[in-house]
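**Q**
2 protein chains.
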Amino acid sequence: MVLGLIELAGSATPYQLKQVAAQSVGNFWTMQHAQIYTESERLAKAGLLSEEREETGRRRRTYALTEAGRKELDAWRATPATEIGELRSPGLLQLFFGAEKEPLARAQLETHTRTLAGYEELHASAGQWLPEGQRLALEAGIAHEREWLRFWGDLAGDDDRAAP
Amino acid sequence: MVLGLIELAGSATPYQLKQVAAQSVGNFWTMQHAQIYTESERLAKAGLLSEEREETGRRRRTYALTEAGRKELDAWRATPATEIGELRSPGLLQLFFGAEKEPLARAQLETHTRTLAGYEELHASAGQWLPEGQRLALEAGIAHEREWLRFWGDLAGDDDRAAP
DNA sequence: GAGGATACCGTCTAATCTGGATGATGCAAA
DNA sequence: TTTGCATCATCCAGATTAGACGGTATCCTC
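Shown next as structure tokens:
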């Protein structure tokens, strides 16, 4: 992720990476900011990033891909992942262990609705100018949010239909 | 998760928890086995679990919910989560950063297909006897797997349609 | 009934990651 | 000038991960 972000940015400080990540890839793959710092350092030590540091003031470190870094990134991209990841939804966990459907569904609906709205706005405003991979990832996010809305929506409505 | 699993089992050793988790909740929320041991220990120390240990041989520890543990679990269930979790799909990450669509989609399709088949089999064979929450969670998993199949299926087919 | 294969089970370690605090720098407005 | 806010880097304790390791029970074979 760090290599990929730096490729997109050309060169960047860890702080900038964190900013960029927060509004893009961070929606489905997160890293703590502290980890971005240590990871950049490690990658530099491994020769995959070049590091340039301000001598004064903030002493920011600016990183860029080295030839080895670009190769590593390409190699990673060229090896299609077979793992599928986890859903890891706290709400689903509560449902699994017997939480009441109605209030849970309402709470989840609210957040998912907001998230979806944000994605769709981004897609409408920036969709056409995004690199294809990023646009597709965004569309995947939108599709899954819609799925969540369907799912929790059904649960929230259940009681109304069942009660009478 | 540990409290919930122990409630379902009545009482259990960490090893058993790991087994049960692996085939159920573990599909969307994982924990390393080492962590299940330390977590059980911590919960016991906090008074939420009772601990009974074999004096000889394997010296297994068997845990059960205490009154405080049941209360804590109930409290957790009664506080609907508002967070929505992450998708965290390695394949999506590669797509985001510009990996080639075709081979990636094929690789992902294969795993997702197998996962979905497993879920559906489970649903067909055990669906009616599962507690409602567990069945619903399984159905959520199935729905999302279907979504992934749609998504990667479109990508795998893209080139065929676009090439000529 | 000895020996070995295999499954069962718990513990350990190093490396990494998390959440959040801390504190410093730079910039702009009052 | 000072005050406030955004920017930025580092640090820490505790939690988590991956996987090795070692011991215990069971069962099979000769």
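Chains as they are written, first to last, in the numbering used here: chain U, 1 to 164; chain R, 1001 to 1164.
Where a beta carbon is used, it is the ideal one built from N, C-alpha and C, also for glycine.
The structure displayed is predicted, hence computed values, not measured ones.
1. Given a cut-off of 8 Å, decide if residue 79 of chain U and residue 11 of chain U are closer than it, judged by their beta-carbon atoms.
2. Determine whether the beta carbon atoms of residue 150 of chain U and residue 1085 of chain R lie at a separation below 8 Å.
3. Under 7 Å between beta-carbons, which chain R residues line up against residue 137 of chain U? List them in chain order, please.
4. From which residue to which residue does the beta strand (DSSP E) around residue 1052 of chain R run?
5. Would the beta-carbon of residue 1065 of chain R fall within 8 Å of that of residue 1109 of chain R?
6. Taking 8 Å as the CB-CB limit, is residue 1130 of chain R close to chain U?
7. Can you tell me whether residue 1053 of chain R is buried or exposed? The criterion is at least 16 other CB atoms within 10 Å of its CB, across all chains shown.
8. Tell me whether residue 1013 of chain R is buried or exposed, calling it buried when 16 or more other Cβ atoms sit within 10 Å of its Cβ.
9. Could you tell me if the beta carbon of residue 1157 of chain R falls within a distance shorter than 7 Å of some heavy atom in the ligand SAM?
10. Determine the DSSP secondary structure at residue 1087 of chain R, reduced to helix, strand or coil.
11. Using a Cβ-Cβ cut-off of less than 7 Å, list which residues of the segment 1023 to 1035 of chain R approach chain U; keep chain order.
12. Tell me which residue opens and which closes the alpha helix (DSSP H) that residue 1009 of chain R is part of.
13. Is residue 1163 of chain R buried or exposed, if buried means 16 or more other CB atoms sit within 10 Å of its CB?
14. Check the DSSP bridge columns for residue 1113 of chain R and list the partner residues they point to.
15. Quick one: is residue 19 of chain U near chain R, going by C-beta distance under 8 Å?
16. Rank R:1070, R:1026, R:1153, R:1105 by C-alpha distance to the C-alpha of residue 1046 of chain R and give the top, closest one.
17. CA-CA distance, residue 1035 of chain R and residue 130 of chain U?
18. At a cut of 8 Å, does the segment 127 to 147 of chain U reach the segment 92 to 108 of chain U through at least three beta carbon pairs?
19. Whose C-alpha, out of U:154, U:152, U:133, is nearest the C-alpha of residue 25 of chain U?
20. On the DSSP bridge list, what partners appear for residue 12 of chain U?
21. Using a Cβ cut-off of 8 Å (strictly closer), state whether residue 99 of chain U contacts chain R.
22. Beta-carbon of residue 1142 of chain R versus every beta-carbon of chain U: anything under 8 Å?
23. Taking all protein chains shown into account, decide if residue 1157 of chain R is buried (16 or more other Cβ within 10 angstroms of its Cβ) or exposed.
24. Taking the alpha-carbon of residue 187 of chain U as reference, which of U:29, U:83, U:27, U:40 has the nearest alpha-carbon?
25. Which value, in whole angstroms, describes the spacing of the CA atoms of residue 1111 of chain R and residue 59 of chain U?
26. Within the 8 Å Cβ cut-off, does residue 1085 of chain R reach chain U?
27. Using a Cβ-Cβ cutoff of less than 6 Å, which residues in the same chain neighbour residue 50 of chain U once the five nearest sequence positions on both sides are dropped?
28. Classify residue 1124 of chain R as buried or exposed, calling it buried when 16 or more other Cβ atoms lie within 10 Å of its own Cβ.
29. Compare the C-beta of residue 147 of chain U against all C-beta atoms of chain R and say whether one is closer than 8 Å.
30. Measure from the alpha carbon of residue 1075 of chain R to the alpha carbon of each residue in U:128, U:97, U:1, U:37, then state which is nearest.
31. Ordered along the chain, which non-local residues of its own chain (more than five positions away) have a Cβ less than 6 Å from that of residue 152 of chain U?
**A** Here's the rundown:
1. On the first sequence, position 11 is the one that residue 11 of chain U refers to. On the first sequence, position 79 is the one that residue 79 of chain U refers to. It is not a contact, given that the beta carbons lie outside the stated cut-off.
2. Within the first sequence, the letter at position 150 stands for residue 150 of chain U. Within the second sequence, the letter at position 85 stands for residue 1085 of chain R. In this structure, residue 150 of chain U keeps its C-beta atom at 8 Å or more from the C-beta atom of residue 1085 of chain R.
3. Taking the first sequence and counting its residues from 1, one reaches residue 137 of chain U at position 137. Ordered by position in chain R, the residues that pass the 7 Å Cβ test against residue 137 of chain U are 1092, 1095, 1096.
4. Here residue 1052 of chain R refers to the residue found at position 52 when the second sequence is read from its first residue. Residues 1049 to 1053.
5. For the purposes of this step, residue 1065 of chain R is identified with residue 65 of the second sequence, where counting begins at 1. For the purposes of this step, residue 1109 of chain R is identified with residue 109 of the second sequence, where counting begins at 1. Going by C-beta atoms, residue 1065 of chain R is not nearer than 8 Å to residue 1109 of chain R.
6. For the purposes of this step, residue 1130 of chain R is taken as the residue at position 130 of the second sequence. So no, residue 1130 of chain R is outside the interface.
7. In the second sequence, residue 1053 of chain R corresponds to position 53, counting from 1. So residue 1053 of chain R ends up on the exposed side.
8. Looking up residue 1013 of chain R in the second sequence gives position 13. Burial call: buried.
9. By its list of ligands, the structure shown contains no ligand whatsoever, and the ligand SAM lies outside what it can speak to.
10. Your numbering for residue 1087 of chain R matches position 87 in the second sequence. Here residue 1087 of chain R sits in coil by DSSP.
11. 1025, 1028, 1029, 1030
12. Here residue 1009 of chain R refers to the residue found at position 9 of the second sequence. Where residue 1009 of chain R is concerned, the enclosing alpha helix (DSSP H) stretches over 1002 to 1009.
13. For the purposes of this step, residue 1163 of chain R is identified with residue 163 of the second sequence, where counting begins at 1. Note that residue 1163 of chain R scores a pLDDT of 49, beneath 50, so its modelled location is shaky; the value from the coordinates is reported in the next line. By the neighbour-count criterion, in which 16 or more other beta carbons inside 10 Å mark a residue as buried, residue 1163 of chain R falls on the exposed side.
14. Here residue 1113 of chain R refers to the residue found at position 113 when the second sequence is read from its first residue. Paired residue(s): none; residue 1113 of chain R is not in a bridge.
15. Indexing the first sequence from 1 puts residue 19 of chain U at position 19. Output row for residue 19 of chain U: interface = no.
16. Locating residue 1046 of chain R in the second sequence gives position 46, counting from the first residue. The shortest Cα separation from residue 1046 of chain R among R:1070, R:1026, R:1153, R:1105 belongs to R:1070.
17. The residue you call residue 1035 of chain R lines up with position 35 of the second sequence. The residue you call residue 130 of chain U lines up with position 130 of the first sequence. Using only the alpha carbons, I get a separation of about 41 Å.
18. no
19. As a first step, residue 25 of chain U must be located in the first sequence, where it is residue number 25. Ranking U:154, U:152, U:133 by Cα distance to residue 25 of chain U puts U:133 first.
20. What you label residue 12 of chain U is simply residue 12 of the first sequence in a count that begins at 1. Answer is U:63.
21. For this step, residue 99 of chain U is matched to residue 99 along the first sequence. It does: the Cβ of residue 99 of chain U has a partner Cβ on chain R nearer than 8 Å.
22. For the purposes of this step, residue 1142 of chain R is identified with residue 142 of the second sequence, where counting begins at 1. No, residue 1142 of chain R lies away from the interface with chain U (no Cβ there is under 8 Å from its Cβ).
23. For the purposes of this step, residue 1157 of chain R is taken as the residue at position 157 of the second sequence. So residue 1157 of chain R counts as exposed.
24. Nothing can be reported for residue 187 of chain U, as the shown portion of chain U is limited to 1 through 164.
25. What you label residue 1111 of chain R is simply residue 111 of the second sequence in a count that begins at 1. What you label residue 59 of chain U is simply residue 59 of the first sequence in a count that begins at 1. Our two residues, residue 1111 of chain R and residue 59 of chain U, have alpha carbons roughly 46 Å apart in a direct line.
26. The sequence position of residue 1085 of chain R within the second sequence is 85, counting from 1. Taking Cβ atoms only, chain U reaches closer than 8 Å to residue 1085 of chain R, which makes this a yes.
27. Position 50 of the first sequence, counted from the first residue, corresponds to residue 50 of chain U. Excluding positions up to five away in sequence, the list reads 64, 66.
28. As a position in the second sequence, residue 1124 of chain R is number 124, starting the count at 1. Looking at its Cβ environment, which holds fewer than 16 other Cβ atoms inside 10 Å, residue 1124 of chain R is exposed.
29. Your numbering for residue 147 of chain U matches position 147 in the first sequence. Closer than 8 Å: yes.
30. Working through the second sequence from its first residue, we reach residue 1075 of chain R at position 75. The residue with the shortest Cα to Cα distance from residue 1075 of chain R is U:97.
31. Translated into the one-based positions of the first sequence, residue 152 of chain U becomes position 152. Correct list, in chain order: 105, 108, 109.
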